[in-house]
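J.: Sequences listed follow chains P and G, in order.
In terms of this note's numbering, the first sequence is residues 1281 to 2205.
In terms of this note's numbering, the second sequence is residues 113 to 332.
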Amino acid sequence: MKNLSTVKLVEHPAKTLDAGTHKLATYCYQCVAGPDLLTVKVNDQGVATEVEPNFAAEPVHPGGGKVCVKAYGLVQKLYNPNRVRAPMKRTNPKKGRDQDPGFVPISWDEALDTVAKKLLEVRAKGLLDESGYPKVATSFGGGGTPQSYMGSFPAFLSAWGPMDMGFGSGQGVKCYHSEHLYGEFWHRGFTVSADTPHCNYNISCGANIEASGGVAGVWRHANARERGIKRVQVEPHLSVTGACSAEWVPIKPKTDPAFLFALIHVMLHEHARERLDVDFLKHHTSSPYLVGPNGFYLRDRETRKPLVWDAKNEKAVPFDTAGINPALEGSYDAEAIEIGPDAQTLGEGDLVGEPAFGRLVAHMRAYSPEWASGICDVKAETMRRIANEYLDAAQVGATVEVNGRRLRYRPVAVTLGKTVTNGWGGYESCWARTVLAALVGALETVGGTLGTTVRLNRPLNERHKSVRKGPDGFMAYPLNPTDKEHWSAQPNIRNAYRSMVPLAGDGPWSQALGPTHFSWMFLDQTPKGLPRVTLPEVWFLYRTNPAISFWDTDGITDKMARFPFVVAFAYTRDETNHFADILLPDAVDLESLQLIRIGGSKFIEQFWEHEGFALRQPVVAPAVNARDFTDIATELAARTGLLEKYNAAINKGVVGVALKGEADGGQWDFSLDTTLVHSRETIWDAVCRAASAELTGGQETHGLDWWKEHGLRTRPFPRVDWYLQPTLEEMGLRFELPYQERLYRVGQELGKRLHEHDMNWWDTQLAEYQTLPAWKDFPKLWEEEVGRMGGRAEDYPFWLLTSRSMQYAWGGNVGMQMIKEVANNIAGHQGVILNARAAEDRGIAEGDMVEIATPKANVRAKAVLRQGIRPDTLLLLGQFSHWATPYAKEFGMPSMNSLVPMSLPLTDATGSGADLVRVSLRKVG
Amino acid sequence: MTRWAMVADLRRCVGCQTCTAACKHTNATPPEVQWRRVLDMEVGEYPEVQRVFVPVGCMHCADPPCMHVCPSTATKQRADGIVTIDYDLCIGCAYCAVACPYQARYKTDAPSFAYGEGPIQSEAARFDDGRIGVATKCTFCSDRVDAGLEQGLTPGIDPQATPACVNSCIAKALHFGDAEDPASNVSQLLAENQFFRMHEELGTDPGFYYLWDKKAEGAA
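What follows is the structure, given as structure tokens:
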């Protein structure tokens, strides 16, 4: 809690309108780059008509208080005639894509009773099945956005007990997976951003920030462009972001690590050391730690602390010895011990060690721009120039004062896109990006590369508080144990993240950050060593449509048809709830009530200079027989005998704010009586009061009515908290870069555990645990997959990629006519983008129907000829191919998702795959 | 005198179509009628290619071809430069749509709605039969401008007096103001930046300016 005497609270009064109409403040959190704060105009007949920015939010919002295009779809969303208009039950027991579910309307009472009865049956026989997996599973949509809409449902989940939240619907193959895991490990960067307001040079490898960064991202980057930032966009097709960049480098897909390695090579081998931030490397990274002959740190024999070579006194000393001048390069003798996996002593006595930085220099020697040029299809001189520009722009040595603290000023950043950070090559890319920042001291400081949120460490809403002292002078990290005593041989859920992916941790988000396709892929063929993967007895779905959004969508659709009891919170019919047994229409955005945290530092570009809360409130009565999610959750809790636990979870803060608290001398307690059924108004009134109290140290206790009138309430968030460097320095901690001794050890131990259990099918993935990552022929992995699918690589010469559509990404808004209409103004929303010359060579003209195929599947699309794409690349924007969703099923737009094979060989060590595939192309009409 | 003008900063526009959507909300235009929209254009050939997003709509020309061809005098020009259409006078001949070099005019011959034949509630609440069979186009949100001026507000500065597309722009690429007032926001932008107007060679004297770079130091 901040010192309130210095905090100026900001109130945001609602504007009043002419008689007869009124505006209500609310928020849109349809995508992870939200929330956007808006007002909705409602006419004298109680009809919502217009969305506008909440102009009162302009002083505190990092995007000028503006509202993304997706929010303008909310009015149509409300009145869409295709909504599920009442609870429904399935009458056709046969499930399949070709089966009409025969949904018929039922009462809410019947719907909730049916679900509760099923849950009570499950509960009576035990929460886990014969494999030890939870019998109840849930799948929620993109990036945690459902939590901003599901009211108090998290309290029901908490009250229930074990649930399997690891059935993927996009995670791993449609997210920034390596960035999430490694980013959080290295710098509490579950999501990573340039410090855009201060950055002058941004190398963006496929980061489509103009489409995925939301209002704050667009606003800030536009400001940055006007003040002269140079953004170099490195990607196979000229995205929206590429269009707004100073330079486009059309790189060959999946070769980004080679490009980034070449930049590191130039900095290490073509410039004087003084060009780097030597002080930062010596004192704030693992660079000086001595590495022994077996690749592990040399340690002090007594304290087990890693040793560095003190050049001042010419002796090896523990890394945290005061007043030393640690060497970065050379070879040194030291009295030491080298400890390997499972605490095994690999050497002891007089050992030879090299600083980790020296190892890095040697490791990167071969990765010259000339070497990378042949891999990336980018000229060596281009890479060399970019490296030099980056180094020049870094301004090593400069400092700037922020909130009274003097910090490094390093206005350079490298940002990475989705397909760069997931699947094979993701680790190498993320490592190279973070090392590029560390070499010039630009990691977690002004102008540089920032982590903006944590999800695997706790607390989730405050990344600085998640920094704790760990081993060897680094931050602690909740790695899943790999030692013999504690390694989890019995997975707690089907995707086995705790057993297979140490970096996923074991917090509330970890289930969704494991290999979420395992839950699907292993249903019929569970590999050796894992308990047989089973169908969940009950599957809850909300704001997710894995039958469209995951990989191998045809394959998982067939599997869904076997799920025995599916409960879908449903807006319209769709391709996944086609297999549901019960449809529950929840009140949508403009009909429902919830308070969420805003500001501080959150996903992507959502780092603000304010923090607080915003209310989503019903602006009109439900347009159909829908119920607020909170009321549904309360009913389910009551009908399953979980009411007391449910209310207790709300009191504890599971829905976002603890109802009892104290800070700055103030105390408050708005706890609910746990024995009663509370209305949504009662629940959110208590939450509102607790939020007001939390913001003001108990001085204010505004209830729901106040929040409905004002919409939001904030207080300043110090800009210095955007940066982690000061916190690490205060705690005497170092960034764990560039050398990855801990991960190497973890990988070795994991390998031993798996082999002890006769599990050899993860050996390829184990190779990813390296101290310093090496280039591998990543593109070849996808060419080899063609062979596994029964084809010849040369017959599938194109890369098929996807790219975010700002109008649709994360929005669940594919059924909105207006969104479709405006999105069509952007190329690629009505067909497959291909290079005009490549098309001409194949006799393909604009608008021709083409077939895109793998050896196993094919789709058809209209040809959209563009210049801004490599000749060997095709692009299918967004994720379409709907066959059940009303309105969207008429689009005639395919998706790459049905072509991307779900494949263990294409799964990396973090459990993710990349969303690209090799395909053929031919004209069919 | 006042001449209301729009300025689009091409360095800032990302083609998000938020302005397109905001315009549709504010002006309740039917499907596929976009008084404001953003073009997605390419210039050059691979790999030397640039992609640019260009907001377009009625340019509120000082010498509007649409007005000259209008046989019913429905299209007029206000003293502040805003080109208007009087739906009561318009006979729907569409000469203006043909004459407009900016493809800014629309004519809807029958009611059309987002989801089939009937309107959804928000459409029904705002349906205007007077717009059927006549030419329509961007009004520079003249109702907001006029109402704002009556309240002593400054169009382009105060949101209540400013066109919806400008209010909504998430890149701050769109600006609105009085081009005749040297102290206005748009005059300042035009003084500080290099700009062009679309099809200026046609002599239409458009009231829509495109910024593309800062002026060189010392340039007039």
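No residue lacks a Cβ here, since even glycine has one placed at the ideal position from N, Cα and C.
From the beta carbon of residue 1329(P), is the nearest beta carbon of chain G less than 9 angstroms away?
T.: For residue 1329(P), the answer is yes, since a Cβ of chain G falls inside 9 angstroms of its Cβ.
J.: Should residue 2167(P) be counted as a contact of the ligand MG given a C-beta to heavy atom distance under 8 angstroms?
T.: This structure lacks the ligand MG, and indeed carries no ligand of any kind.
J.: Considering only residues of the same chain and omitting the five flanking positions on each side of residue 2030(P), which have a CB-CB separation below 7 angstroms?
T.: Answer for residue 2030(P): 1762, 1782, 2046, listed in chain order.
J.: Contact defined as beta carbons within less than 8 angstroms: I believe residue 1616(P) pairs with residue 1633(P). What is the distance between those atoms, to the nearest angstrom?
T.: Right, their Cβ atoms sit about 7 angstroms apart.
J.: Determine the DSSP secondary structure at residue 1286(P), reduced to helix, strand or coil.
T.: The pLDDT assigned to residue 1286(P) is 34, lower than 50, so where the model puts this residue is not dependable; a value taken from the coordinates is nonetheless given after this. Three-state result, residue 1286(P): helix.
J.: Could you give the C-beta distance for residue 214(G) and residue 153(G), rounded to a whole number, given that I count them as a contact under 8 angstroms?
T.: Not really, about 14 angstroms apart at Cβ, beyond 8 angstroms.
J.: If we count Cβ pairs, one from each stretch, closer than 8 angstroms, do we get three or more for the segment 2070–2079 of chain P versus the segment 2145–2160 of chain P?
T.: Touching, yes.
J.: Express the C-alpha separation of residue 1689(P) and residue 1505(P) in angstroms, rounding to a whole number.
T.: Spanning the two alpha carbons is a distance of roughly 19 angstroms.
J.: Give me the subset of the segment 1999–2018 of chain P whose CB atoms are less than 8 angstroms from a CB atom of chain B, sorted by chain position.
T.: Absence of chain B from the displayed structure is noted, the protein chains being P and G.
J.: Residue 1667(P): which of 1745(P), 1620(P), 1539(P), 1553(P) sits nearest, CA to CA?
T.: Checked all of 1745(P), 1620(P), 1539(P), 1553(P); the closest Cα to residue 1667(P) is 1539(P).
J.: For the segment 1934–1985 of chain P, which segments carrying the beta strand (DSSP E) assignment without a break, of at least 3 residues, lie completely within its bounds, in sequence order?
T.: Qualifying beta strand (DSSP E) stretches, in chain order: 1940–1943, 1946–1949.
J.: On the premise that residue 1883(P) lies in contact with residue 1471(P), defined as a C-beta separation below 8 angstroms, what is that separation, rounded to the nearest angstrom?
T.: Sure, about 5 angstroms apart at Cβ, within 8 angstroms.
J.: With C-beta atoms as the reference, is residue 1314(P) less than 9 angstroms away from residue 1333(P)?
T.: The answer is no: Cβ separation not under 9 angstroms.
J.: Quick check: what's the CA-CA separation for residue 241(G) versus residue 1319(P)?
T.: Between residue 241(G) and residue 1319(P), the C-alpha separation is close to 27 angstroms.
J.: Give a yes or no on whether 9 angstroms exceeds the smallest Cβ distance from residue 235(G) to chain P.
T.: Yes - at least one Cβ of chain P is within 9 angstroms of the one on residue 235(G).
J.: How many angstroms separate the CA atom of residue 1825(P) from the CA atom of residue 1857(P)?
T.: Distance between the alpha carbons of residue 1825(P) and residue 1857(P): 8 angstroms.
J.: In three-state terms, what does DSSP make of residue 333(G)?
T.: The structure shown does not extend to residue 333(G), since chain G spans only 113 to 332, so no value can be given for it.
J.: Mind pulling the chain P residues with CB within less than 7 angstroms of residue 128(G)?
T.: Those within 7 angstroms of residue 128(G) in chain P are 1349, 1498, 2086.
J.: Any beta carbon of chain P sitting closer than 9 angstroms to that of residue 230(G)?
T.: Yes, residue 230(G) counts as interfacial toward chain P.
J.: If I follow the unbroken beta strand (DSSP E) through residue 1307(P), where does it start and stop?
T.: Residue 1307(P) -> beta strand (DSSP E) spans 1302–1308.
J.: Could you give the C-beta distance for residue 2001(P) and residue 1983(P), rounded to a whole number, given that I count them as a contact under 8 angstroms?
T.: Not really, about 29 angstroms apart at Cβ, beyond 8 angstroms.
J.: When the distance is taken between beta carbons, is residue 2017(P) closer than 9 angstroms to residue 1937(P)?
T.: Cβ distance not < 9 angstroms, so residue 1937(P) and residue 2017(P) don't count as in contact.
J.: In chain order, what residues of the same chain have a beta carbon less than 8 angstroms from the beta carbon of residue 1647(P), not counting five sequence neighbours either side?
T.: Cβ neighbours of residue 1647(P) beyond the five flanking positions: 1538, 1541, 1542, 1544, 1545, 2055.
J.: Just to make sure I have the definition right: I need the residues of chain P whose C-beta is within less than 7 angstroms of the C-beta of residue 136(G). Which are they?
T.: Ordered by position in chain P, the residues that pass the 7 angstroms Cβ test against residue 136(G) are 2098.
J.: Against chain P, with Cβ distances strictly below 9 angstroms, would residue 282(G) count as a contact?
T.: Closer than 9 angstroms to some Cβ of chain P, the Cβ of residue 282(G) qualifies, so yes.
J.: Going by alpha carbons, who is nearest to residue 1549(P) out of 2086(P), 1847(P), 1642(P)?
T.: It is 1642(P) whose Cα lies nearest to the Cα of residue 1549(P).
J.: Looking only at its own chain, which residues have a Cβ that is under 6 angstroms from the Cβ of residue 2138(P), when we skip the five neighbours before and after it?
T.: Cβ within range, chain order: 2131.
J.: Just checking my contact of residue 125(G) with residue 285(G) at CB under 8 angstroms: how many whole Å lie between their CB atoms?
T.: About 4 angstroms separates the two Cβ atoms, so the contact holds.
J.: So the candidates are 1369(P), 1481(P), 1958(P); which of them puts its Cα closest to the Cα of residue 1673(P)?
T.: Checked all of 1369(P), 1481(P), 1958(P); the closest Cα to residue 1673(P) is 1481(P).
J.: What are the residues of the segment 131–158 of chain G that lie near chain P, defined by any Cβ-Cβ distance shorter than 8 angstroms?
T.: Under the 8 angstroms Cβ criterion, the segment 131–158 of chain G contributes 132, 133, 134, 136, 137, 138, 140, 143, 144, 146, 149, 150, 151, 152, 154, 156, 157, 158.
J.: What does DSSP give as the partner residues of residue 152(G) in its beta bridges?
T.: Partner(s): 165(G).
J.: For residue 1812(P), go through chain G and note every residue whose CB falls closer than 8 angstroms to its CB, in chain order.
T.: Chain G residues near residue 1812(P): none, gap ~46 angstroms exceeds 8 angstroms.
J.: What residues from chain P crowd round residue 124(G), counting only those whose CB sits closer than 7 angstroms?
T.: Residues of chain P passing the Cβ test: 1502, 1505, 1506.
J.: Could you compute how far the alpha carbon of residue 1414(P) sits from the alpha carbon of residue 2112(P)?
T.: Whole-angstrom Cα-Cα distance: 41 angstroms.
J.: For residue 1769(P) versus residue 1795(P), is the C-beta distance shorter than 9 angstroms?
T.: No.
J.: First and last residue of the beta strand (DSSP E) that includes residue 1877(P)?
T.: Residue 1877(P) -> beta strand (DSSP E) spans 1874–1881.
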